[in-house]
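Quick note, the sequence shown lines up with residues 1 to 68 if you use the numbering used here. C-beta atoms are modelled at their ideal positions from N, C-alpha and C, and glycine is treated no differently. Computed from a predicted structure; not experimentally measured.
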Amino acid sequence: MMSAIKQKHPDMTIKAFTAAEIFFLSKLTKNSIPEILSRLKAAGLDSMPGGGAELFHPDVRSKIIRGK
Numbered sequence: 001m002m003s004a005i006k007q008k009h010p011d012m013t014i015k016a017f018t019a020a021e022i023f024f025l026s027k028l029t030k031n032s033i034p035e036i037l038s039r040l041k042a043a044g045l046d047s048m049p050g051g052g053a054e055l056f057h058p059d060v061r062s063k064i065i066r067g068k
């Protein structure tokens, strides 16, 4: 979908997917977070909304979200 949008509107900035969604995609697909981000960027993702990035750091994640 992002690729199609970028082809039709190359100057449009695509800002999508929270850090929590990236983390979920990583677990769902069993790909690393850098791999997920690389693929999304290649598909046209320009930026992400702020918030939720603390989920990426295992020490912080284990303190704020027990059992997940």
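Taking the C-alpha atoms as reference points, what is the distance between Ile33 and Gly50? The alpha-carbon of Ile33 is positioned some 16 Å away from that of Gly50.
In the DSSP assignment, the alpha helix (DSSP H) including Lys27 goes from what residue to what residue? Where Lys27 is concerned, the enclosing alpha helix (DSSP H) stretches over Ala19 to Thr29.
Which of the three DSSP states, helix, strand or coil, is assigned to Phe32? Note that residue 32 is Ser in the sequence shown here, rather than Phe. Of the three classes helix, strand and coil, the one that applies to Ser32 here is coil, per DSSP.
Terminal residues of the alpha helix (DSSP H) in which Met48 lies: Per DSSP, Met48 belongs to no alpha helix (DSSP H) and is neither H nor E.
Integer-rounded CB distance, given that Ile14 should sit under 8 Å from Asp59: Wrong, their Cβ atoms sit about 31 Å apart, outside the cutoff.
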